[in-house]
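Okay, structure first, notes after.
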Amino acid sequence: MERLWRLAGAAFLLSLLSSCDLFDAKIVTVCESALKDRLRSPSEYKRIEITRSEEAIGRAEYKDLFGSTGSPTLQAVTMADFDSGAVKPVRYTLRISYDAPNAYGTPIRGVSRCEYASAFGGDSTASEFTVRIDGDTDMEWRKKQH
Numbered sequence: 001m002e003r004l005w006r007l008a009g010a011a012f013l014l015s016l017l018s019s020c021d022l023f024d025a026k027i028v029t030v031c032e033s034a035l036k037d038r039l040r041s042p043s044e045y046k047r048i049e050i051t052r053s054e055e056a057i058g059r060a061e062y063k064d065l066f067g068s069t070g071s072p073t074l075q076a077v078t079m080a081d082f083d084s085g086a087v088k089p090v091r092y093t094l095r096i097s098y099d100a101p102n103a104y105g106t107p108i109r110g111v112s113r114c115e116y117a118s119a120f121g122g123d124s125t126a127s128e129f130t131v132r133i134d135g136d137t138d139m140e141w142r143k144k145q146h
């Protein structure tokens with residue numbers, strides 16, 4: 001009987017933990033945080049589904065994103081890193097389906113797209129300020145609000 005209680009307790013604990021963000025990739029946590037910042041009632045946000053994809057970034061896009069700023073020397077070094085394979089840039093794209101109340105308090109289903117481009121092929125440097133939600137960075141979105 002004691003073993004049954006332990007098993008039931010472990011199953012309950014596991015179900016609690018799986019509903020937390022403990023098992024989410026950093027990019028998921030960052031994208032959801034950035035999305036919630038844009039909602040009228042972020043505390044009432046409810047995740048429905050997240051689909052995630054990753055794709056390699058080609059040379060032209062890499063140059064636009066990372067190799068077109070700074071001095072000509074820095075630009076040349078940045079592109080040399082790409083050409084030599086020293087960097088493996090990746091674009092992360094998440095499609096987030098969620099429920100949240102509108103201006104009248106009525107819950108509605110929303111779908112947002114979150115994108116993050118990484119020069120080094122990981123999401124460890126992603127932040128609410130570096131992801132794009134529905135095409136806008138945090139700064140671009142804030143400008144549109146005024």
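Once you know that position 128 of the sequence shown is 128 in this note's numbering, the rest is easy, because the numbers rise by one and skip nothing. We put the beta carbon where it would ideally sit given N, CA and C, even for glycine. Quick caveat, the model's predicted, so the values are computed rather than measured.
Proximal residues to residue i (C-beta, below 7 Å), its chain only, five neighbours per side dropped
i	result
residue 21	Note that residue 21 scores 49 on pLDDT, short of 50, meaning its location in the model is unreliable and no value can be drawn from it.
residue 103	40
residue 45	36, 39, 98, 100
Span of the beta strand (DSSP E), counted from its first residue to its last, around residue i
i	result
residue 56	46-56
residue 112	107-118
Start and end residues, alpha helix (DSSP H) containing residue i
i	result
residue 35	26-37
residue 101	No alpha helix (DSSP H) contains residue 101, which is instead part of the beta strand (DSSP E) from 90-101.
residue 77	72-84
residue 62	59-65
residue 140	138-144
Residue burial classification, residue i (beta-carbon count within 10 angstroms, cutoff 16)
i	result
residue 123	buried
residue 96	buried
residue 107	exposed
residue 34	buried
residue 125	exposed
residue 78	buried
Sequence-distant residues of the same chain with beta carbon closer than 6 Å to residue i, five excluded per side
i	result
residue 91	55, 57, 117
residue 93	53, 115
residue 88	121
Nearest to residue i (by Cα), restricted to the options the options
i	options	result
residue 31	44, 82, 138	138
residue 65	82, 49, 51	82
residue 112	50, 43, 42, 23	50
Close beta carbons around residue i, own chain, < 8 Å, minus the five adjacent residues each side
i	result
residue 48	97, 98, 99, 109
Open item on the list: Contact between the region 113-120 and the region 23-42 is defined here as three or more beta-carbon pairs at a separation below 8 Å; is this criterion met?
Closed with: Judged by Cβ distances under 8 Å, the region 113-120 makes contact with the region 23-42, as three or more pairs qualify.
Task: Cβ contact (3+ pairs, closer than 8 Å) linking the region 126-136 and the region 65-72 - done: no
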